[in-house]
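Here the structure is laid out as structure tokens; the discussion comes afterwards.
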Amino acid sequence: LRAAADAVEAAGGDLAPLLTREQGKPLAESHAEVARTAARLRYFAELDPGSQPIADGRPVRGEIRWRPIGPVAAIVPWNFPLQLASAKFAPALAAGNTVVLKPSPHTPLATRLLGSVVAAALPEDVLTVVTGREPLGARLAAHPGIRHVTFTGSVPTGRAVAERAAASLARITLELGGNDAAILLDDVDVDAVADRLFWAAFRNCGQVCMAVKRVYVPARLHPAVVEALAERARSAVVGPGLEPGTRIGPVNNAEQLARVRRYTDRALADGARAAAGGHRLDGPGYFFAPTILTDVPADSPVVTEEQFGPVLPVLPYGSVDEAVEAANGTGFGLGGSVWGTDLDRAEAVADRLECGTAWLNHHAELSLAQPFAGVKDSGVGVAGGPWGLYGNLQPFVVHRPREA
Numbered sequence: 047l048r049a050a051a052d053a054v055e056a057a058g059g060d061l062a063p064l065l066t067r068e069q070g071k072p073l074a075e076s077h078a079e080v081a082r083t084a085a086r087l088r089y090f091a092e093l094d095p096g097s098q099p100i101a102d103g104r105p106v107r108g109e110i111r112w113r114p115i116g117p118v119a120a121i122v123p124w125n126f127p128l129q130l131a132s133a134k135f136a137p138a139l140a141a142g143n144t145v146v147l148k149p150s151p152h153t154p155l156a157t158r159l160l161g162s163v164v165a166a167a168l169p170e171d172v173l174t175v176v177t178g179r180e181p182l183g184a185r186l187a188a189h190p191g192i193r194h195v196t197f198t199g200s201v202p203t204g205r206a207v208a209e210r211a212a213a214s215l216a217r218i219t220l221e222l223g224g225n226d227a228a229i230l231l232d233d234v235d236v237d238a239v240a241d242r243l244f245w246a247a248f249r250n251c252g253q254v255c256m257a258v259k260r261v262y263v264p265a266r267l268h269p270a271v272v273e274a275l276a277e278r279a280r281s282a283v284v285g286p287g288l289e290p291g292t293r294i295g296p297v298n299n300a301e302q303l304a305r306v307r308r309y310t311d312r313a314l315a316d317g318a319r320a321a322a323g324g325h326r327l328d329g330p331g332y333f334f335a336p337t338i339l340t341d342v343p344a345d346s347p348v349v350t351e352e353q354f355g356p357v358l359p360v361l362p363y364g365s366v367d368e369a370v371e372a373a374n375g376t377g378f379g380l381g382g383s384v385w386g387t388d389l390d391r392a393e394a395v396a397d398r399l400e401c402g403t404a405w406l407n408h409h410a411e412l413s414l415a416q417p418f419a420g421v422k423d424s425g426v427g428v429a430g431g432p433w434g435l436y437g438n439l440q441p442f443v444v445h446r447p448r449e450a
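With the numbering used here applied, the sequence shown covers 47 to 450.
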């Protein structure tokens, strides 16, 4: 794995531009994804599950040992094809398993190149990349030789993967997206947080499972927050990811662009107003103007569902209780954040959020050492950190009499 990490870094000059051409993100973000991929390989290379004694007072010595779970199927999406691939195969390989990696049909090339770079540093046939459209993923999940299926994608597809994997009782780890809310408290310094808040929503063109996808603001601060975000949306440079100066690339594919347009058009038809954007940009490519929506009905799909694009609704609230209830009011529970000057107060509010990870005054920054998991419809199982390693291991317990 250490050699694989070195190889990934050495191949960054090929991987990053290919990722940008295929996925659309700005080149700087692609280089950051390559670096994160190598860092994850190094992190898991240093983890060792070891063995743990069982001390319960009995005249028997027990020990918990760990065995590889068996072949792992890793099914990854198109938004972070390299980083999310490594998030699945790095712990699986560190645990001693073989891996079959299936990339999204929207981003197969960068993932295939990553697979070839990593596989060259590993024993033969330990990591295999297979590409194609459905029913490939379904057949892979249902294969009787697969003992762990790890999947990142939509809730409906995740349910289908779980159903397929159930036929062989394979273990499943599902990361199924989010609809993360950011709650701004009444003591927030709008000017100080506006940049961080904007890019927490619009990095990678908003195509991030744990991006800020809705913002709740005290009613008296609502106009100022809307304008601060709209100003940044209007000035953000949108264009091809390989062009210098581009900060926001295109939506990745036609189907996703249609979804973004549908949710935005529905909100506007129901009375919302676009303080910035609200439309597809002229010319070739799947470019959509960074959009800040205000006066959005609380039950609009752009609020209640994951639209996964460069659109951000900003909603006023009357009380913190009201904001927390709204933040928790969807079927998702991946992440959330609270923004304010009094950090103790902000943390008390964050403790009330129904999600796997909460942040104060920032959003979507993760440690390689932390567990990554969602609640409700946002997933099953835990990835990241030691939990990611143990998710690819099977416990094996040995009991023997204590020697006299």
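Built from N, CA and C at the ideal position, the CB exists for glycine as well.
{"Item": "Since residue 317 and residue 337 are thought to touch, with beta carbons under 8 Å apart, how far apart are those beta carbons, to the nearest angstrom?", "Value": "Contact doesn't hold; Cβ gap of about 15 Å is too wide."}
{"Item": "If residue 83 and residue 122 are in contact, beta carbons under 8 Å, what's the gap, nearest whole angstrom?", "Value": "Actually they do not touch by this definition, with Cβ atoms about 12 Å apart."}
{"Item": "Would you kindly check if the distance between the Cβ of residue 425 and the Cβ of residue 221 is under 8 Å?", "Value": "yes"}
{"Item": "Which residues does DSSP pair with residue 397 in a beta bridge?", "Value": "Answer is none; residue 397 lacks a bridge partner."}
{"Item": "In this structure, does DSSP put residue 406 in helix, strand or coil?", "Value": "strand"}
{"Item": "Mind checking which residues open and close the beta strand (DSSP E) that includes residue 230?", "Value": "226 to 230"}
{"Item": "State yes or no: is the C-beta of residue 223 within less than 8 Å of the C-beta of residue 255?", "Value": "yes"}
{"Item": "With contact counted as at least three CB pairs below 8 Å, one residue from each stretch, are the segment 343 to 361 and the segment 167 to 185 in contact?", "Value": "no"}
{"Item": "Thinking just about the alpha-carbon of each residue, which of 303, 208, 189 is nearest to the one in residue 198?", "Value": "208"}
{"Item": "Report the residue ranges of all beta strand (DSSP E) runs contained in full by the segment 61 to 130; include only those spanning at least 3 residues, in chain order.", "Value": "98 to 100, 106 to 114, 118 to 121"}
{"Item": "Is the segment 190 to 204 in contact with the segment 382 to 396, if contact means three or more CB pairs nearer than 8 Å?", "Value": "no"}
{"Item": "For the alpha helix (DSSP H) containing residue 432, list its first residue and its last residue.", "Value": "431 to 436"}
{"Item": "Relative to the C-alpha of residue 71, which candidate in 414, 428, 408, 355 has its C-alpha closest?", "Value": "355"}
{"Item": "Can you tell me whether residue 252 is buried or exposed, with buried defined as 16 or more other CB within 10 angstroms of its CB?", "Value": "buried"}
{"Item": "Between which two residues does the alpha helix (DSSP H) harbouring residue 353 extend?", "Value": "Unbroken run through residue 353: none, as it is neither H nor E."}
{"Item": "Nearest by alpha-carbon distance to residue 142: which of 52, 169, 306, 226 is it?", "Value": "169"}
{"Item": "Is it true that the segment 60 to 71 meets the segment 274 to 291, where meeting means three or more beta-carbon pairs spaced less than 8 Å apart?", "Value": "yes"}
{"Item": "Check residue 416 in the structure and name its three-state DSSP category.", "Value": "coil"}
{"Item": "Using the Cβ count rule (16 or more neighbours within 10 Å means buried), how would you classify residue 445?", "Value": "exposed"}
{"Item": "In whole angstroms, what separates the C-alpha of residue 368 from that of residue 243?", "Value": "21 Å"}
{"Item": "State the start and end residues of the unbroken beta strand (DSSP E) segment that holds residue 322.", "Value": "319 to 322"}
{"Item": "Check whether the Cβ atoms of residue 115 and residue 109 lie closer than 8 Å to each other.", "Value": "no"}
{"Item": "Tell me where the beta strand (DSSP E) around residue 339 begins and ends.", "Value": "337 to 340"}
{"Item": "Three or more C-beta pairs closer than 8 Å, one from the segment 131 to 146 and one from the segment 76 to 92: is that the case here?", "Value": "yes"}
{"Item": "Thinking just about the alpha-carbon of each residue, which of 295, 434, 412, 345 is nearest to the one in residue 326?", "Value": "295"}
{"Item": "Figure out for me which residue from 79, 196, 106, 107 has the closest Cα to the Cα of residue 217.", "Value": "196"}
{"Item": "Could you tell me which residues DSSP puts in a beta bridge with residue 218?", "Value": "195"}
{"Item": "Whole alpha helix (DSSP H) runs in the segment 229 to 317 with 4 or more residues, listed along the chain?", "Value": "236 to 248, 268 to 281, 300 to 315"}
{"Item": "Mind checking if residue 104 is an interface residue toward chain B, Cβ cutoff 8 Å exclusive?", "Value": "This model lacks chain B altogether, as it is built from one protein chain only."}
{"Item": "Using 8 Å as the cut-off, can you tell me whether the segment 297 to 306 makes contact with the segment 260 to 269, which would need three or more C-beta pairs spanning the two stretches below that distance?", "Value": "no"}
{"Item": "Taking the alpha helix (DSSP H) that residue 158 falls in, what are its first and last residues?", "Value": "154 to 165"}
{"Item": "Alpha carbon to alpha carbon, how far is residue 400 from residue 329? Give it in angstroms, no decimals.", "Value": "41 Å"}
{"Item": "The beta strand (DSSP E) spanning residue 147 covers which residue range?", "Value": "145 to 148"}
{"Item": "Buried or exposed for residue 452, please, with buried defined as at least 16 other CB atoms from any protein chain shown within 10 angstroms of its CB.", "Value": "There is simply no residue 452 to check, as the chain begins at 47 and stops at 450 in what is shown."}
{"Item": "Are the beta-carbon atoms of residue 274 and residue 258 separated by less than 8 Å?", "Value": "no"}
{"Item": "Flag this pair as yes or no: are the beta carbons of residue 339 and residue 313 separated by less than 8 Å?", "Value": "yes"}
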